[in-house]
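Below you'll find the structure, written out as structure tokens, and then a few comments.
Quick look at the structure:
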């Protein structure tokens, strides 16, 4: 069964990702969904992966699910680890130098 994180944990992560890491959200979407992504907003996550609303150039918003690179998780610290891994993997896939963490 997929682990569900408490609402306060999900809310805190989403607030952080959507206020401090909007460019990273778009980068992840470009690497794992569509290279023409205009922008992306993280909308949720559970133990199996993260969810983003991804804006395409034609104005269409697509709900996108991206699995955690390291597999399923069930602990709060693992969320950061997996989001950072997604970012690093996205940078590698797109040929971008990742910033230090």
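Numbering (the numbering used here), first residue to last: 197 to 297.
The beta carbon of each residue, even a glycine, is placed where N, CA and C say it ideally should be.
Just so we're clear, the structure is a prediction, and the values are computed from it rather than from any experiment.
Residue i versus residue j: straight-line alpha-carbon distance, rounded
i, j, result
"residue 206", "residue 248", "13 Å"
"residue 258", "residue 269", "25 Å"
For residue i: DSSP bridge partner residues
i, result
"residue 250", "236, 258"
"residue 245", "242, 263"
Cβ shell of residue i (< 6 Å), same chain only, five flanking positions each side left out
i, result
"residue 220", "283"
"residue 233", "222, 225, 226, 250"
"residue 285", "265"
Own chain partners of residue i with C-beta closer than 8 Å, once the 5 adjacent residues on each side are dropped
i, result
"residue 242", "198, 199, 200, 201"
"residue 213", "220, 221, 238, 279"
Sequence-distant residues of the same chain with beta carbon closer than 7 Å to residue i, five excluded per side
i, result
"residue 228", "262, 286"
*Would the stretch 270 to 280 and the stretch 251 to 258 be scored as touching if the rule is three or more Cβ pairs under 8 Å?*
no
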